[in-house]
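**Student:** Dumping the structure here so I can ask a few things about it.
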Amino acid sequence: MLELRKDIFADERDDNLKEIGKGTQRQDMLGHVTGTSSYFNDHKLQGMLHLKVVRSTQAHARLRHIDTTEAERSAGVRRIIRGADVPRNLNTLLSLINFGKDDEPSLAVDKVRYKGEPIVAIVADSEREAFEAVAKVRIDYEPLPAVFDVEDALKPGAPVVNETYPKNTFTYHEVYDHQKLRFGDADAALATADHVLEQRYQMSPIEHAPTETNGAIAAPDTNGRYVVYTSTQALFFSVDTCAKILDVPSNTFHFIGGTVGGGFGGKVDTLTEPLAILGAMLTGRPVRYVFGREEEMQYGPPRGAERIYIKDGVMRDGRVVARKIRAYFDSGAYTRLSSYAAVKCAAHLPGPYTIPNVYGDVYCVFTNRTPATAMRGFGVTAMDFAIECQMDKLAHLVGMDPMEFRILNAYRDGDMKAHRREAKNTALIECVQVAAEKAKWPIRDEFKRASSRKDGGGSRAVIPPTPTDSRTRPAAPAQQRTSYDRLPPTVTRESPREPPPPAPPPPSPRPPAPSHGATRFSSVFGTRRR
Amino acid sequence: MAVTVKTFASASEAAGALSSDRSARYLGGGTLVMRALNEGDVSISTVVRASDQALTRIDASGPRITLGAGVTFARVLAERELGFLHAPARSIGGPAVRNMGTVGGNLFAQSPYGDFTVALLALDATVAVQGSFGSRDIPIEEFLQARERQTGTLVLSVSCTRPTSTEAFRYRKIARIKPKGGSVITLAAHLPISGDRIAGARIALGSMAPTQIRARAAERALEGRSLDAATIAAAASAATEGTSPYDNALGSAWYRREIVGVHLRRLLSGQE
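From first to last, the protein sequence lines stand for chains Z and E. In terms of numbering that gives the first Met the number 0, the first sequence is residues 0 to 529. In terms of numbering that gives the first Met the number 0, the second sequence is residues 0 to 271.
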């Protein structure tokens, strides 16, 4: 049970609320512990067909020729689906919130960009017959040079992974090849710091390893609709993604899900639903498409790898005065959600500490690896690992206790964060104090007395003078809009409190974007006026 | 083509079905064959089973023990007389896998699996097989060297001599996930002591080559000596000789080469 430390946060929460702060039973718990919850794969429909995909054996190759003649004659095969059969065979997940360009086909057409990319889908009477037909598809590859390292991918002359992004980096606001954070003058502070510590951190991709692999069963329903049993962890997101790829209104689908056999971010990508539905559309029969365990492990999207360089300046008394970070998110061959992770990461820098000079460059990079996706705090977790390793090393460097070192540098209420929001409800100091107490780790009285609610703000709330990069920026073209951004132009919403104006001068004036006359909040863009 | 399942009452009939059909596989506990079928291995079209009681027999009363090929790891663990094989049996999978997985099937398990076979190799086991020309006994090392060609033969049983003391047989599996992970490397050592000298040392390694292999250089370093620090150091430094490890998701060939001597030293010196 969660404990709210009333001794520390006395007025943080009203104790007389009926639900918040009270223990409550999850409504699906009884089904789970008694083994009666039904999952998507618990449906065996009459006449159900099975879909399997032919996956690329190459990390990067042009598709010279795809020969399915033998597979078509294979026993039990009902339909072979090629890229040309997919109504809109190019998509990016976050296009639903008008972010990023369509860059990923459901079935590869002219080129494969990672080992395991789906090329052909086969719908057959049984899984076995589908597998047999898969083995009979002949693909003539013309191998292309591949790139597997994020920094190699950024070098001049590196192979272009994804032609939608020819520089191998995601494009932010249609102009920028990375997320940039500038707060104070990190270079000047590093020059005058007592110690400077630069380190490199490399994370590996991490597989979600759900008990239930990704999958969906789609079946024709009355009135031209389709019922879809799915493992998705983002049901409405998946509905809209399928509607876009299959180019039909989203009310064509009745998605049934909600019981997910392990998601953790690995069931957002809607990889099986579009092809299962397309198979049902083309055959008029229920179609089941489920990843095997090896498919899930090898080609299901992982948490992306990250490479992080941190250069910190620290004074002898333990104050961190500058933090300079370069981070490369390995998105794999397509965007999925890594572009958003980089935005979150930039907003999170320099971690939960008040550091007067912060400099961050965060890149979302394309390589010929399995596309990465969401996983539990992605964009922040790996960076936090690097930052906390760095904090231990810095504490050691200046001869301070690592707990006390964190309390000294922790952010406090009223401080200005590097992305120019005032810090509120901070609690790192209290967390460290409680952790020290529970671990019987001795910290000195002055650190036991420290509080997130004291000694913040004031000079710590000031945005320091921040030099901007001298490079001239190209003007941004008008915002591309898609039919998926359906905010009615007349709606006015209450404007959230205006954040303090950012210190750096805005980039060269943009051509006016289509205006809705409303301010909206997006976790990707932040508060924007349209 | 659908997969056909053929069940026979006797092992010899099953062996006949197996040797006459290249797409046939014998199904023991199914932990390997069913996994392959589920993952779409279309090279298997016939599944052969045998309900022969002889395949599940355990003879553990005398100095030489015999395990039917169909004996599961759960049964090995339930048999007090087989205490020396409990560590390798327990190192395989979780309870569900141990409840189904068999001694015979383990002989065919590709790395990172096949840990029980590492133990049997160190114990100089003999494998009884039924082929198209009747049954015969094959030394386990010879069996493993020709394993790729053994799919048409049916393993009937495995037998080995019981170690003279608990100290004489040692086993260690290195896995990243405990207790159920696949093997990074697996080590087994049989060190019979005669007088105070080692006579007939056997060191077997898993995941250090395409099949389980013996570390002959390490065995030579131990043979005829007492198990002291110098002998152990010599055996540990010779552990990689003759091995050909490979890269997989659990570890690189380089890493395996680096750690095999360390773990052999710990195994021989009785360190945890």
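C-beta atoms are modelled at their ideal positions from N, C-alpha and C, and glycine is treated no differently.
Hey, L204 of chain E and L267 of chain E are a contact pair by Cβ (cut 8 Å); roughly how many whole angstroms apart?
**Tutor:** The sequence position of residue 204 of chain E within the second sequence is 205, counting from 1. The sequence position of residue 267 of chain E within the second sequence is 268, counting from 1. Actually they are not in contact, since the Cβ atoms of L204 of chain E and L267 of chain E sit about 13 Å apart, beyond 8 Å.
**Student:** Going by DSSP in three states, F169 of chain Z sits in which element: helix, strand or coil?
**Tutor:** Here residue 169 of chain Z refers to the residue found at position 170 when the first sequence is read from its first residue. Coil.
**Student:** Roughly how many angstroms separate the alpha carbons of T163 of chain Z and K100 of chain Z, rounded to a whole number?
**Tutor:** As a first step, residue 163 of chain Z must be located in the first sequence, where it is residue number 164. As a first step, residue 100 of chain Z must be located in the first sequence, where it is residue number 101. C-alpha separation (whole angstroms): 7 Å.
**Student:** Closer than 7 Å, Cβ to any Cβ of chain Z: which residues of the stretch 25-55 of chain E, in chain order?
**Tutor:** The stretch 25-55 of chain E vs chain Z, Cβ under 7 Å: N37, E38, G39 and V41.
**Student:** Assuming I258 of chain E and I173 of chain E are in contact, meaning their beta carbons sit under 8 Å apart, how far apart are those beta carbons, in whole angstroms?
**Tutor:** If you number the second sequence from 1, residue 258 of chain E lands on position 259. If you number the second sequence from 1, residue 173 of chain E lands on position 174. 7 Å between Cβ atoms; contact.
**Student:** Do three or more CB pairs link the stretch 209-226 of chain Z to the stretch 169-177 of chain Z at distances below 8 Å?
**Tutor:** Result no; under three Cβ-Cβ pairs closer than 8 Å.
**Student:** In the DSSP assignment, the alpha helix (DSSP H) including D186 of chain Z goes from what residue to what residue?
**Tutor:** Mapped onto the first sequence, residue 186 of chain Z falls at position 187. Start and end: A185 to T191.
**Student:** The stretch 137-171 of chain Z: which residues have C-beta closer than 9 Å to a C-beta of chain E, in chain order?
**Tutor:** From the stretch 137-171 of chain Z, no residue has a Cβ closer than 9 Å to chain E.
**Student:** Measuring only between beta-carbons, confirm whether M99 of chain E sits less than 8 Å from chain Z.
**Tutor:** Counting from 1 along the second sequence, the entry for residue 99 of chain E is found at position 100. Cβ-Cβ to chain Z under 8 Å: no for M99 of chain E.
**Student:** How far does the alpha helix (DSSP H) with H42 of chain Z in it extend, from its first residue to its last?
**Tutor:** Residue mapping note: residue 42 of chain Z aligns to position 43 of the first sequence, counting from 1. Premise fails: H42 of chain Z is in no alpha helix (DSSP H) and is neither H nor E.
**Student:** Determine, using beta-carbon pairs with one atom in the stretch 12-32 of chain E and one in the stretch 56-63 of chain E, whether at least three such pairs fall under 8 Å.
**Tutor:** As far as the Cβ criterion goes, the stretch 12-32 of chain E does not touch the stretch 56-63 of chain E, which means the pair count is below three.
**Student:** With DSSP run on the structure shown, which of helix, strand or coil describes V126 of chain E?
**Tutor:** By one-based count along the second sequence, residue 126 of chain E stands at place 127. Strand, per DSSP.
**Student:** Under three-state DSSP, which class holds L249 of chain E?
**Tutor:** Walking along the second sequence from the start, residue 249 of chain E turns up at place 250. Looking at L249 of chain E - three-state DSSP - the assignment turns out to be coil, as it is neither helix nor strand.
**Student:** Please name the residue in Z:Q432, Z:K51, Z:P351 and Z:M390 whose C-alpha comes closest to that of A540 of chain Z.
**Tutor:** Nothing can be reported for residue 540 of chain Z, as the shown portion of chain Z is limited to 0 through 529.
**Student:** Which residue marks the beginning of the alpha helix (DSSP H) containing R292 of chain Z, and which one marks its end?
**Tutor:** The count along the first sequence starts at 1 and reaches residue 292 of chain Z at position 293. That run of the alpha helix (DSSP H) goes R292 to Q297.
**Student:** Give every residue of the same chain whose Cβ lies closer than 8 Å to the Cβ of H253 of chain Z, excluding the five residues on either side of it in the sequence, and list them in chain order.
**Tutor:** Numbered from its first residue, the first sequence carries residue 253 of chain Z at position 254. Once the five neighbours on either side are set aside, the close Cβ partners of H253 of chain Z are D220, R224, Y225, V226 and V227.
**Student:** Note down, in chain order, each residue of its chain lying with its Cβ closer than 7 Å to the Cβ of P476 of chain Z, except the 5 sequence neighbours on either side.
**Tutor:** In the first sequence, the residue the question calls residue 476 of chain Z occupies position 477. Its pLDDT being 47, under 50, P476 of chain Z is placed unreliably by the model, and nothing is read from it.
**Student:** Go to A381 of chain Z, then tell me how far its alpha helix (DSSP H) extends in each direction, as first and last residue.
**Tutor:** What you label residue 381 of chain Z is simply residue 382 of the first sequence in a count that begins at 1. Taken as a continuous stretch (DSSP letters only), the alpha helix (DSSP H) holding A381 of chain Z covers T380 to V397.
**Student:** With hydrogens ignored, establish whether the beta-carbon of G291 of chain Z is closer than 7 Å to any heavy atom of the ligand SAM.
**Tutor:** Within the structure as shown, the ligand SAM is missing, as the structure has no ligands at all.
**Student:** Reducing DSSP to helix, strand and coil, say where T242 of chain E ends up.
**Tutor:** Counted from its first residue, the second sequence places residue 242 of chain E at position 243. Of the three classes helix, strand and coil, the one that applies to T242 of chain E here is coil, per DSSP.
**Student:** Should the stretch 41-54 of chain E be called in touch with the stretch 164-179 of chain E, which here means at least 3 C-beta pairs below 8 Å?
**Tutor:** No contact exists between the stretch 41-54 of chain E and the stretch 164-179 of chain E.
**Student:** Pick out whichever of E:S11, E:F115, E:T6 and E:R265 has its Cα sitting closest to the Cα of S134 of chain E.
**Tutor:** Translated into the one-based positions of the second sequence, residue 134 of chain E becomes position 135. For S134 of chain E, the nearest C-alpha among the options comes from E:S11.
**Student:** Could you tell me the boundaries of the beta strand (DSSP E) in which K323 of chain Z lies?
**Tutor:** The sequence position of residue 323 of chain Z within the first sequence is 324, counting from 1. Unbroken beta strand (DSSP E) run through K323 of chain Z: V319 to G331.
**Student:** Does G291 of chain Z get closer than 8 Å to chain E when you measure Cβ to Cβ?
**Tutor:** Here residue 291 of chain Z refers to the residue found at position 292 of the first sequence. Yes, G291 of chain Z lies at the interface with chain E (some Cβ there is under 8 Å from its Cβ).
**Student:** Say whether chain Z places a C-beta atom closer than 8 Å to the C-beta of V96 of chain E.
**Tutor:** As a first step, residue 96 of chain E must be located in the second sequence, where it is residue number 97. False, the Cβ-Cβ gap to chain Z never drops below 8 Å.
**Student:** By the 10 Å Cβ neighbour count, where 16 or more other Cβ atoms means buried, how is V157 of chain E classified, buried or exposed?
**Tutor:** Taking the second sequence and counting its residues from 1, one reaches residue 157 of chain E at position 158. Label assigned to V157 of chain E: buried.
**Student:** For chain E, find out if any of its Cβ atoms is closer than 8 Å to the Cβ of F130 of chain Z; answer yes or no.
**Tutor:** Here residue 130 of chain Z is taken as the residue at index 131 of the first sequence, counted from 1. For F130 of chain Z, the answer is yes, since a Cβ of chain E falls inside 8 Å of its Cβ.
**Student:** May I ask which residues mark the beginning and end of the beta strand (DSSP E) holding V4 of chain E?
**Tutor:** Numbered from 1 along the second sequence, position 5 holds the residue referred to as residue 4 of chain E. Where V4 of chain E is concerned, the enclosing beta strand (DSSP E) stretches over T3 to F7.
**Student:** Using a cut-off of 7 Å between C-beta atoms, extract the partners of R127 of chain Z located in chain E.
**Tutor:** Translated into the one-based positions of the first sequence, residue 127 of chain Z becomes position 128. Going along chain E in sequence order, the residues near R127 of chain Z (Cβ under 7 Å) are A1 and V2.
**Student:** Would you kindly check if the distance between the Cβ of I428 of chain Z and the Cβ of S451 of chain Z is under 8 Å?
**Tutor:** On the first sequence, residue 451 of chain Z is found 452 positions in, with the first residue counted as 1. On the first sequence, residue 428 of chain Z is found 429 positions in, with the first residue counted as 1. Yes, the pair counts as a contact, with Cβ atoms nearer than the cut-off.
**Student:** Quick one, which of E:Q211, E:V75, E:A73 and E:Y25 has its alpha-carbon nearest G130 of chain E's?
**Tutor:** The residue given as residue 130 of chain E occupies position 131 in the second sequence. When only C-alpha atoms are compared, the closest one is E:Y25.
**Student:** CA-CA distance, A321 of chain Z and G183 of chain Z?
**Tutor:** As a position in the first sequence, residue 321 of chain Z is number 322, starting the count at 1. As a position in the first sequence, residue 183 of chain Z is number 184, starting the count at 1. Roughly 9 Å between the two C-alpha positions.
**Student:** Quick one: what's got a C-beta closer than 7 Å to Q57 of chain Z's C-beta in the same chain, skipping five residues either side?
**Tutor:** Position 58 of the first sequence holds residue 57 of chain Z. So the qualifying residues of the chain are V111, K114, Y140 and P142.
**Student:** Taking the alpha helix (DSSP H) that R215 of chain E belongs to, which residues open and close that run?
**Tutor:** Indexing the second sequence from 1 puts residue 215 of chain E at position 216. Element bounds for R215 of chain E: R215 to L221.
**Student:** So, using beta-carbon positions, are E116 of chain Z and A129 of chain Z closer together than 8 Å?
**Tutor:** Against the first sequence, residue 116 of chain Z aligns to sequence position 117. Against the first sequence, residue 129 of chain Z aligns to sequence position 130. Cβ distance not < 8 Å, so E116 of chain Z and A129 of chain Z don't count as in contact.
**Student:** Between A74 of chain Z and chain E, is any beta-carbon pair separated by less than 8 Å?
**Tutor:** Looking up residue 74 of chain Z in the first sequence gives position 75. So, interface residue.
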